[in-house]
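Below is one structure, written out as structure tokens; comments come after it.
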Amino acid sequence: MSTTHLIISNPWKDNQNNVLERKFKCEEKNDILDHILKIAVNELREDDNTRKQCLQHLREWIKKNQDIENCLTDDKFLLRFLRIKKYSIPMAEQTLLKYLNFRKRFKEFMYGLDYLKSTLIENGYIFVSPYRDSNGRRVIFYNVKKINPHKVTGVDVGLAHAITYETLLADEENQILGINHVADIEGLSPPFLTLWSVTDFATIVRWGEQSIPMRHKEIHVINFPSSFKYVYDFILSNIRNQKLKERITLHSSLSDLQNNVNKRCLPLEFGGVMPMKDMIDLWKKELAAKRDLLLSYDSMHLLSDRGILCRRNKSSQDDTGSLPGSFRKLEVD
């Protein structure tokens, strides 16, 4: 079996502040380090047999599904859906359908994921810290001040988010470990409310939660204007996952944020060790490496949404009791 070099920005226990990259040699299998695979076992119920059988089943289902066109079937792409649903086959299938439907519904920012065309990535509205936190998770940083609501549209914002999330999901470590978010909301003003219609915004929140196979572990918000509390309440009302709601923290001060987020993951301007500009430049290099992959997603299409189960009829196909519902209990000789 061949070997590959896995580059991890800021190894978790690296004590040298100036070290940003370290190379590890690991086996080709999924390019994942052993300690991360153990997390997959403990948190996602993943093992070799489960992974192999579920991937095979999902590929066969995609091949037979006449509503899906040109869907990617490589391991890394399919595993994001299996992992987010802890290897429940029906739930993974539903998430894949919802993902493709989300792309179809919001084609204006879910297709053509080219970071070179995103002004909000260029100016640093959204970027990912090169440092991982103590749990090995990547941290997305949002700087709302970088958005001029008079010059950009909701499509511009959606595109920047889609490019960022898809780039992170292309790495299996992030699929397993999950992602943290830090949002500086300073600068939020009434014109921001014109970027989306109420209906579209609510749909993006609800559908995005169910369609984007990302494990959101922590969401930290700072400088949220009290006058916009109704916006915050509206967002929460459209999030169905109670655990996700409980992972959102509003911080009253920078020191409060620093007490809850590894300072090293933050830009220098927020008490970290690396200037924001340098973080943005490093992130753009990661985006460049994944650019062709993200653009290849444009070949995938959902021809019909008839296979997506609604809540009212979901009970007829229980995901834990149905035959292919999960390979967790299946033992193979």
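For the sequence shown, our numbering assigns the number 2 to the initial residue and increments by one for each residue that follows. Ideal Cβ placement from N, Cα and C applies to all residues, glycine included.
Handout entry: Sequence-distant residues of the same chain with beta carbon closer than 6 Å to asparagine 66, five excluded per side
Key = For the purposes of this step, residue 66 is identified with residue 65 of the sequence shown, where counting begins at 1. Taken in chain order, the list of residues that qualify is empty.
Handout entry: Contacts around tryptophan 208, its chain only, beta-carbon distance under 6 Å, and the 5 residues preceding and following it disregarded
Key = The residue you call residue 208 lines up with position 207 of the sequence shown. Leaving aside the five residues that flank tryptophan 208 on each side, the residues in its chain whose CB is nearer than 6 Å to its CB run, in chain order, Phe103.
Practice task
Examine the ligand ATP and report whether any of its heavy atoms sits within less than 7 Å of the Cβ of histidine 302.
Solution key: This structure does not include the ligand ATP; it has no bound ligands of any sort.
Handout entry: Boundaries of the alpha helix (DSSP H) in which aspartate 35 is found, first to last residue
Key = Position 34 of the sequence shown, counted from the start, is the residue given in the question as residue 35. It spans 35-45 - the alpha helix (DSSP H) in which aspartate 35 sits, taken as one unbroken run.
Problem - When Glu94, Tyr100, Thr195 are compared against glutamate 167, the one with the closest alpha-carbon - result: As a first step, residue 167 must be located in the sequence shown, where it is residue number 166. Checking every option, the nearest Cα to that of glutamate 167 belongs to Tyr100.
Exercise for the section: Look at glutamate 61 and tyrosine 88 and say whether their C-beta atoms are less than 8 Å apart. Expected result: Indexing the sequence shown from 1 puts residue 61 at position 60. Indexing the sequence shown from 1 puts residue 88 at position 87. One thing to note: glutamate 61 has its Cβ no nearer than 8 Å to the Cβ of tyrosine 88.
Handout entry: Meets three-Cβ-pair contact criterion under 8 Å: the stretch 30-44 and the stretch 259-274
Key = Taking 8 Å as the limit for Cβ pairs, the verdict is that the stretch 259-274 does not touch the stretch 30-44.
Handout entry: Check whether alanine 184 and valine 222 have beta carbons under 8 Å apart
Key = Locating residue 184 in the sequence shown gives position 183, where the first residue counts as 1. Locating residue 222 in the sequence shown gives position 221, where the first residue counts as 1. In this structure, the beta-carbon distance from alanine 184 to valine 222 falls below 8 Å.
Problem - Between the CA atoms of asparagine 144 and histidine 151 - distance to the nearest angstrom - result: As a first step, residue 151 must be located in the sequence shown, where it is residue number 150. As a first step, residue 144 must be located in the sequence shown, where it is residue number 143. It is roughly 17 Å from the alpha-carbon of histidine 151 to the alpha-carbon of asparagine 144.
Problem - Selected residue, minimal CA-CA separation from phenylalanine 193, among Arg216, Val156, Asn175 - result: Locating residue 193 in the sequence shown gives position 192, counting from the first residue. Comparing Cα-Cα distances from phenylalanine 193 to each of Arg216, Val156, Asn175, the minimum goes to Val156.
Practice task
Note the first and the last residue of the continuous beta strand (DSSP E) segment covering aspartate 185.
Solution key: For the purposes of this step, residue 185 is taken as residue 184 along the sequence shown, with counting starting at 1. It spans 180-185 - the beta strand (DSSP E) in which aspartate 185 sits, taken as one unbroken run.
Practice task
Measure the Cβ-Cβ separation of arginine 248 and glutamate 210 and say whether it is below 8 Å.
Solution key: For this step, residue 248 is matched to residue 247 along the sequence shown. For this step, residue 210 is matched to residue 209 along the sequence shown. Judged by beta-carbon spacing, glutamate 210 lies beyond the 8 Å limit of arginine 248, meaning their Cβ atoms are not closer than that value.
Exercise for the section: Please determine, among Asn263, Tyr116, Arg241, Ser253, the residue with the shortest C-alpha to C-alpha distance to tryptophan 284. Expected result: Sequence index remark: in the sequence shown, residue 284 carries index 283 (1-based). When only C-alpha atoms are compared, the closest one is Tyr116.
Handout entry: contact_flag[the stretch 49-64, the stretch 81-97] where n(CB pairs < 8 Å) is 3 or more
Key = Short answer: they touch.
Handout entry: beta strand (DSSP E) segment containing lysine 218, residue limits
Key = As a first step, residue 218 is located in the sequence shown; it is residue number 217 there, counting from the start. Residues 217-223.
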